[in-house]
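Protein chains in written order, with my numbering: chain C, 1 to 301; chain U, 1001 to 1611.
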């Protein structure tokens, strides 16, 4: 698979341990990459390096094999970019802005732009100064997507959107993804990226902690279940079963067990003899995964 | 290089601001040119001229009153010296002469009864021929006085009775000329003559002939103070002034007799007497001189060239009384200062700071010279000259060029373009980086160099367009108004507009650089805008010290502000005077502007953009 964006030992040191340090990440063609981290963890800095707006202290970012800072004018032509901070040029209306952007992009055909506008229920005749946050965000998305670029970079695109709007935004992004475009999207919300992305990278304090594919999280070979028994005898008896108990809460007569996916059938068979109040699967989420990775890292250190 | 879409965006973003500022600028310009071109400028100029004339005459009068006073005071002092030196000699002469004269007089032949009238006349003639020769002034005075006296002997035939006759003869006898009386009047005569000669030779030392006005003026100042005869009463009687009493020599004689005359003439009492006489005489002499019909008409002739009419001159109020008052108060305050300075020098002398008496005298002379002026020309010759010299600049001053060039295009008219430049240059780069909207431009694949080039083009072209508008406006206004005597013409108007454009271009280069350098608009505005406004304020202050302001009302110290402002490189004076100095200054402005744009572009290309 072709690597579209390749971040190689990227460092941008702003002093006081701020910035990003020794990041390496490869994004393949057609992949939708999520980029998660808390505020101030270095997501925007990475994206700025990627766009060639700032010069890395060390390392480099390559887009389609071109170093991004030196070749910014070339690589940005391939990229649709939605900045984190929405500030439009000093123009009167949304239409004016979109037309001006189209001119920059030498875009004659506005049909796709119009389609996006319709999909997002955007009224581009509104004055840029009077637009709500959501409208501005939609306008920015239209501007980024209308030229149909093969790479789309979004810096926290859903911040400030209401849940419905977020839904339609996500569906548009997914469509673009379906068209085979490479998408790089930053967010500080795990749910959002785990819902939409193929792969997610976690950044913390300027350092890339881990990158993991959503599929591997969802189709984990080991599953965890929490079981509560009605009677104390059952609770005691269950301890003699062969299932590995990873947590017990005697006060509630609860146990948490971790078993391979294939053992589920035998578990249910065994449980038929117990008086069970409830049984629930503990989902292994992205957040949980990263928490564990972070914990592990800290322990190592 | 040039990006049309970005240019269009900049036009849309800044066009409204450009339009408003250009319209305001042109409106202001046309108001200034039309209003100041329609007559009022002349009145202003006349008022300025009148003020200068009046001031100059005042200064001249003050200076001259001191000179007169100094002459009078010094003259009287000299006179006292001459008098006491002369008196003793004359007294001795007169006494010796009297002895021989008396014996001769006693030998007057009496007519014998036998003698014929003819013979007696002969004898009398022989006797007269043997009269002791009167060579000195004292002797002559005595002889004259004696003969006059002897001829006034009472005749018996005039009296009715013998007793009356005897009384008359006794009175006559008492009037017999004495050596003392003779010496008193002859010494006065000689000392006066000495003073006259000394004054004339002092004038000659300064290069004047005996008959020159200057010499006459010096003599007048001295002689009217001394007043040796009633011939010098005229200026006092003409103005209803109290005629001063005859110069006091009685006290001098008294002190000569008691032998301390030399010390006496330096006593405060005597000095105060001379000063008082000098003060009065010289102020009367000056105001008489100043208000003479010939002086006034000559002044008016000289001043009419500068638009000072007779009424205006009268409104200045140079009447006899006011001139006298001015002169008198000037002299009094001079005297006070002189006394103070003298006491300082005396105190220094007491401390032994002067090596010898010569050094002490020199210190006094230097101090005195610094307090009084020197008589360089006669009143009539100098006053109109001094006034015309002072007023020459104002007369030559091109007020219309000053208002349009130095005040409008160099100061007032720069404010709005400066504001536009500061705002536009920041809008074009710094604000877009600050807010982040530059991301939309740069993410479309435009090179940073193209961004700066296009924005620089927009900024400089919009300024050029603004000044093309002011040029058109100023040419229209100039053809509408009818201004005579101005150095402005259409060509120079073009050069002034070009100069103003180059100033704004240089400032725009500076602001473009700060706009490219800083990520924050406020920082960029603080440095670029702050400097621009500083230049403008410095030029406003510098104007009051610049050569376009007549020297009499100029604050030379303020000229230093011109050295810290790049607006000074816009040389309006050179343009309106037709010299070519403005060429290299314009070139520097152009270079500054280009350097700013270039440095800004290079900086923008290299820096990290927080987008």
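Heads up, the beta-carbon is just placed ideally off N, CA and C, and yes, glycines get one too.
These numbers come from a predicted model, not from an experiment.
Limits of the unbroken alpha helix (DSSP H) element including residue i
i, result
"residue 1639 of chain U", "Any property of residue 1639 of chain U remains undetermined from this structure, which presents chain U solely from 1001 to 1611."
"residue 1417 of chain U", "1413 to 1425"
"residue 1441 of chain U", "1438 to 1442"
"residue 163 of chain C", "163 to 178"
"residue 1325 of chain U", "1320 to 1350"
"residue 1603 of chain U", "1581 to 1606"
"residue 1255 of chain U", "1250 to 1257"
"residue 101 of chain C", "94 to 104"
"residue 218 of chain C", "214 to 218"
Proximal chain U residues relative to residue i, where beta-carbon distance stays under 7 Å
i, result
"residue 73 of chain C", "1445, 1446 and 1447"
"residue 196 of chain C", "Those do not exist, as residue 196 of chain C stays about 22 Å from chain U at its closest Cβ, beyond 7 Å."
Rounded C-alpha distance that separates residue i from residue j
i, j, result
"residue 1265 of chain U", "residue 1545 of chain U", "51 Å"
"residue 1319 of chain U", "residue 1554 of chain U", "30 Å"
"residue 64 of chain C", "residue 73 of chain C", "13 Å"
"residue 1148 of chain U", "residue 1175 of chain U", "11 Å"
"residue 1254 of chain U", "residue 1293 of chain U", "44 Å"
"residue 1568 of chain U", "residue 1056 of chain U", "31 Å"
"residue 1634 of chain U", "residue 1576 of chain U", "As displayed, chain U neither begins before 1001 nor continues past 1611, which places residue 1634 of chain U out of reach and without an answer."
"residue 89 of chain C", "residue 1469 of chain U", "28 Å"
"residue 1291 of chain U", "residue 1218 of chain U", "18 Å"
"residue 1588 of chain U", "residue 1505 of chain U", "11 Å"
"residue 1001 of chain U", "residue 1399 of chain U", "47 Å"
"residue 1278 of chain U", "residue 1483 of chain U", "53 Å"
"residue 1090 of chain U", "residue 1137 of chain U", "8 Å"
"residue 1421 of chain U", "residue 1507 of chain U", "8 Å"
"residue 79 of chain C", "residue 1429 of chain U", "23 Å"
"residue 1282 of chain U", "residue 1248 of chain U", "18 Å"
"residue 1599 of chain U", "residue 1452 of chain U", "11 Å"
"residue 294 of chain C", "residue 6 of chain C", "24 Å"
"residue 82 of chain C", "residue 152 of chain C", "8 Å"
"residue 1183 of chain U", "residue 1270 of chain U", "21 Å"
"residue 77 of chain C", "residue 123 of chain C", "26 Å"
"residue 185 of chain C", "residue 1462 of chain U", "41 Å"
"residue 1033 of chain U", "residue 1586 of chain U", "24 Å"
"residue 1326 of chain U", "residue 1061 of chain U", "8 Å"
"residue 1215 of chain U", "residue 1194 of chain U", "15 Å"
"residue 275 of chain C", "residue 253 of chain C", "11 Å"
"residue 223 of chain C", "residue 258 of chain C", "6 Å"
"residue 331 of chain C", "residue 1012 of chain U", "In the structure as shown, chain C begins at 1 and stops at 301. Residue 331 of chain C is therefore absent and cannot be evaluated."
Contact set between residue i and chain C, taken where Cβ atoms lie within less than 7 Å
i, result
"residue 1439 of chain U", "81 and 83"
"residue 1435 of chain U", "87"
"residue 1609 of chain U", "53 and 54"
"residue 1005 of chain U", "100, 103 and 104"
Residue interval of the beta strand (DSSP E) (run including residue i)
i, result
"residue 1116 of chain U", "It is not in any beta strand (DSSP E) - residue 1116 of chain U carries neither H nor E in the DSSP assignment."
"residue 19 of chain C", "18 to 28"
"residue 160 of chain C", "Here residue 160 of chain C belongs to no beta strand (DSSP E), and DSSP marks it neither H nor E."
"residue 240 of chain C", "Per DSSP, residue 240 of chain C belongs to no beta strand (DSSP E) and is neither H nor E."
"residue 254 of chain C", "254 to 260"
8 Å contact criterion, which residue i and residue j should meet: CB distance rounded
i, j, result
"residue 127 of chain C", "residue 162 of chain C", "Contact flag wrong, Cβ pair sits at about 21 Å."
"residue 1597 of chain U", "residue 1456 of chain U", "5 Å"
"residue 1433 of chain U", "residue 1611 of chain U", "7 Å"
"residue 1097 of chain U", "residue 1252 of chain U", "At roughly 22 Å, the Cβ-Cβ gap does not stay under 8 Å, so residue 1097 of chain U and residue 1252 of chain U are not in contact."
"residue 1620 of chain U", "residue 1561 of chain U", "Nothing about residue 1620 of chain U can be reported from this structure: the residues present for chain U run from 1001 to 1611 only."
"residue 155 of chain C", "residue 41 of chain C", "About 13 Å; that fails the 8 Å criterion."
"residue 214 of chain C", "residue 194 of chain C", "6 Å"
Under 9 Å from the C-beta of residue i: neighbouring residues of chain U
i, result
"residue 91 of chain C", "1009, 1012 and 1013"
"residue 76 of chain C", "1442, 1443, 1444, 1445 and 1446"
Within chain C, partners of residue i - CB distance below 8 Å
i, result
"residue 1427 of chain U", "90"
Proximal chain C residues relative to residue i, where beta-carbon distance stays under 9 Å
i, result
"residue 1432 of chain U", "87, 89 and 90"
task = Output, in sequence order along the chain, the residues in the region 103 to 118 of chain C whose CB is closer than 7 Å to any CB in chain U.
result = If you check each beta-carbon in the region 103 to 118 of chain C against every beta-carbon of chain U, the ones closer than 7 Å belong to 103, 104 and 105.
query = Using a Cβ cut-off of 7 Å, which residues of the region 1009 to 1039 of chain U contact any Cβ in chain C, in chain order?
reply = Identification of residues in the region 1009 to 1039 of chain U having a C-beta nearer than 7 Å to some C-beta of chain C yields 1009, 1012 and 1013, given in sequence order.
Short-range partners of chain U found in the region 32 to 63 of chain C, where Cβ spacing is below 9 Å = Hits within the stretch, in order: 44, 48, 51, 52, 53, 54 and 55.
key: chain U contacts made by the region 135 to 152 of chain C, where a contact means CB separation under 9 Å   = Here the close residues are 140, 143, 144 and 147.
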